[in-house]
Amino acid sequence: MPDLTTLRHMISFSPLLPSWLLYTLALLATLVLLAGLLRRARGTLWRAAAAAIVLLWLAGPERISETGQALPETAILVVDQSSSMGVGQRATIAHQAAERLQAEAAHVPGLTLRTVTVRDGHGQGTRLFAALDQAAADIPPARLAGAILLTDGQVHDTPAHAPERLRPADSGGRHTILPLHVLLAAKGEETDRRLRILQAPPYAIVGQTATLRVQVDDLGPHPDTGAEVELTLDRGGEPPLHKTVRVGQPQDITLPVTHPGPMLVGLSVSALAGEVSTANNQDVVRINGVRDRLRVLLVSGTPNQGERVWRRLLKADPSVDLVHFTILRPPDKDDGTPLSDLALIAFPVRELFQEKISQFDLIILDGFENRAILPRAYLENIARYVRDGGGLLLIGGPEFLGPGSLQDTPLGDILPAHVPAEGGLTEQRFRPALTADGHRHPVTAGLPGAGSAPDGHDAEWGPWYRVLRTDSVHGQVLMDGPNHTPLLVLDRVDRGRVAFLLSDQIWLWSHGEGGGGPQSELLRHVSHWLMKEPELEEEQLTATITDGRIVVTRRTAAPIAPRAVTITAPDGTTRQVPLHATGIGLSQADAPATRQGIWMADDGTHRAFAAPAQDDPVEWADLRATATVTAPLAGQTGGGMFWLGDDPDHLQLPALHPPASGRMAGSDWIGFPQRDARLITGRTASPLLPVWLVLALAASLLLTGWWREGR
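For the sequence shown, my numbering assigns the number 18 to the initial residue and increments by one for each residue that follows.
Structural data, given as structure tokens:
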């Protein structure tokens, strides 16, 4: 920087008397003057002039001469690199314009250009003025020249009036307005169509409909409000739905909720001719399908210890409606007891097992011995209920060895295990353990105290003392007992499911026998698997997207897991990604996933869907380049608004040079005021009125007044 040493002269005062005394003398002189004028005394004005000369000399007027060096001024260049600047060539245009402005500022004497780059606002949009305020915090107000914004015009913290940093006050409290120049990385006002989700329920009941409220807006100089456009709803693997909506008007869309668990709905609207981007023409809604109320029918045989366990477990779940009946005595027992004393209410066999059986999500038969309680037709109804998609859980004990065993009824065709009449009961102390399949199946995998050994010998669970011995099993054996006797068997029957626990002593765990065990967790998992809760499926594929990557998790109960998955992006492109084992029955794959929309993972049998969460929805709400947001503020400060064009190689960049007049911007240039910030290097003071001159003038004026008075 060249040497800018300057000399400046000014007038100052250094009183010879205290200020209060000077004011008193001035008041007395004024009173004398008024008295003389009232008496019309000759020479009064001459004597008043002499008094004024003396008072002015007592005020100590001085001529100050300062030598100093002009200090450089700093202007702030705020470069917008938020997400919306990724549209088209905006980011490149802003980067090249910033480099050229820095080069030009190097040739402007006394000007330094400080560049600040602004990224995304963490959910609050583009915040350029917050960055401007922070960048100017260490710049003395007298050395701040102004600011330049390089942006697309979508600035979400634009104030209504010039910010404090651009209105610095001097020592006298007077404010100076500094210019704010705005350079827009586009060739002019743009148009954009956006889709807004006004309302979406986070949860919806399976079997009913969910209602979404959406609105399509056309943004730009001349929006066509009321035009009809097509809205497409992609429900992840199901046929898409097409709706017609009007621009600028809210509209309700209803969707059927077909299954429990997460449901992704991708919404997209047709493009607007000439719009700047279609990135905000789509959005994804996440709706979690939940069951209204899970209806469970529990039928207990002879009262037993496990009955209380089931009641406590099911009654504690607020989402379960429990219907419980206990068979206290078989109907063939006749001891003369009056019929009115046999039961509190009549056992509604026909209502439960014929008229309303399809309304139950799960039937539990706990120690149930038929003994002609249920006619064959009703047992066939239970078997049909399971095949049509229902769930059946049996808790087996000694009653399976008698003549009323359920395996000798139509239910025997759907049971996953058979107990022989001879030697079908083993009574000895044993500890339940997980099988190899049990370690992989989500119903039992991860149960507290299960251990990690494949044969389950390191389980830390308390003992049981009775188990049914089977002579045939089909399905998945998740737990076993003594000598690897099957203990818990799960099976699928057509569209339904059956679980068979071959011991009636799980209640021992709830009493803490030998340390107890995960009784409530196990029963809850088995019940929810039977009711087809998605998170307990043994063969499942899930996908999540976090930090720009999709993570696919494959769970399987089979010994050999799939080796790869196919990932399909929202634009239809696919790629094969290998799966890597992460645990027993678990494997994962991950890949980049930055594009907005619904992604799909497919292992050849199962599909999973995921969508990235919008990092900054405010940033993507309006993708136009526009001057409407910042133009009023630039006008208030005397700054200029300029469109840089859409070609990085041919920027229409205004020149940067000192202003030639009071204006800070022209049609093709911008500038900053000279704030006159200086570093004082020398200072001298000399009296403005020498003593001899004051005495001579005062004496002359007094003599003149005396002379006038004498005439």
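All C-beta atoms, glycine included, are put in the ideal place defined by N, C-alpha and C.
Since the model is a prediction, treat every value here as computed from it, not as a measurement.
Could you check how far apart the C-beta atoms of residue i and residue j are, in whole angstroms? I think they sit under 8 Å.
i	j	result
V494	V484	So it is not a contact: roughly 13 Å between Cβ atoms.
R269	L311	Sequence check: residue 269 is Asp here, not Arg. Going by Cβ atoms, the distance from D269 to L311 rounds to 29 Å, so no, they are not a contact pair.
H316	F385	At residue 316 the sequence reads Val, which differs from the His that was named. Going by Cβ atoms, the distance from V316 to F385 rounds to 6 Å, so yes, they are a contact pair.
R448	P471	At roughly 16 Å, the Cβ-Cβ gap does not stay under 8 Å, so R448 and P471 are not in contact.
G568	A560	In the sequence under discussion, the amino acid at residue 568 is Val, which differs from the Gly named in the question. Correct: roughly 7 Å between the Cβ atoms.
D137	D564	In fact, because the Cβ distance is near 13 Å, the residues do not count as touching under 8 Å.
E550	P335	Not really, about 16 Å apart at Cβ, beyond 8 Å.
L128	F659	Rounded, the Cβ-Cβ distance is 18 Å, inconsistent with contact.
G614	P587	3 Å
I81	R700	7 Å
Measuring alpha carbon to alpha carbon, tell me which residue in the options is nearest residue i.
i	options	result
F146	R572, I93, A108	I93
T647	V95, G170, P267	G170
D174	L149, R509, R184	L149
Y220	K373, L281, A716, G237	L281
A606	R210, A627, D511, R571	R571
I214	A154, V286, P671	V286
A68	E90, R59, A43	A43
L451	V231, H491, V460, L258	V460
S100	G656, A638, L710	A638
L464	H542, D488, G265, V246	H542
R230	L272, A578, G205	L272
E288	L236, V302, H178, L73	The question names Glu, but residue 288 is Ala in the sequence shown. Here the closest residue by C-alpha is L236.
T645	P690, T91, L200, D234	L200
T249	P240, A76, F517, T261	T261
I562	A625, T134, I194, I523	A625
T599	T573, L379, A618	T573
Q299	V436, L330, V313, E247	E247
L45	R64, R59, L33, A467	R64
E181	L161, L442, I399, H198	L161
R566	R612, Q151, E416	R612
H435	L73, I374, T487, E90	T487
S489	H239, A438, Q225	A438
E726	L62, Y40, S36, V49	L62
Q151	V133, L73, L418	V133
Mapping the DSSP letters down to three states, classify residue i as helix, strand or coil.
i	result
K260	strand
V711	helix
Y220	strand
T61	helix
I156	coil
N305	strand
F689	coil
A146	First, the residue type needs correcting, since residue 146 is Phe and not Ala in the sequence shown. Three-state DSSP puts F146 in a helix.
T408	Note that residue 408 corresponds to Gly in the displayed sequence, not to Thr. Reduced to three states, the DSSP call for G408 is strand.
F517	strand
S678	coil
L396	helix
S336	coil
W723	helix
Q613	coil
Q445	coil
R80	strand
G655	coil
M548	coil
H192	strand
D352	Residue placement at D352 is poorly supported in this model, since its pLDDT is 48, which falls under 50; the coordinates still yield a value, given next. Three-state DSSP puts D352 in coil, outside helix and strand.
L359	Summary for L359: the model assigns pLDDT 49, below 50, so the residue's position carries little reliability, and this model does not support an answer.
R182	helix
According to the neighbour-count rule (16 or more other Cβ atoms, all chains shown, within 10 Å of its Cβ), is residue i buried or exposed?
i	result
L712	exposed
T354	Low confidence applies here, because T354 scores a pLDDT of 47, under 50, leaving its location unreliable; read the following figure in that light. So T354 counts as exposed.
M548	buried
F30	exposed
D351	Unreliable placement is indicated for D351, whose pLDDT of 49 sits below 50; no coordinate value is reported for it.
D693	exposed
A394	exposed
W723	exposed
G243	exposed
L359	Confidence is the limiting factor: at L359 the pLDDT is only 49, short of 50, which leaves the residue's position unreliable, though a coordinate-based value still follows. With fewer than 16 Cβ atoms within 10 Å of its Cβ, L359 is classed as exposed.
M27	exposed
L710	exposed
Checklist entry - Looking at C-beta atoms only, is the number of pairs between the segment 522–542 and the segment 416–435 that lie closer than 8 Å three or more? => result no
Next on the checklist: Assess contact between the segment 292–301 and the segment 206–214, defined as three or more Cβ pairs (one per stretch) separated by less than 8 Å. Is contact present?
Outcome noted: yes
Checklist entry - Touching or not, the segment 393–412 and the segment 509–520, by the rule of three or more beta carbon pairs under 8 Å? => result yes
Next on the checklist: Across the segment 651–665 and the segment 676–684, are there enough close Cβ pairs to call them in contact, namely three or more that are closer than 8 Å?
Outcome noted: yes
Checklist entry - Does the segment 110–129 come close enough to the segment 654–670 to have 3 or more Cβ pairs within less than 8 Å? => result yes
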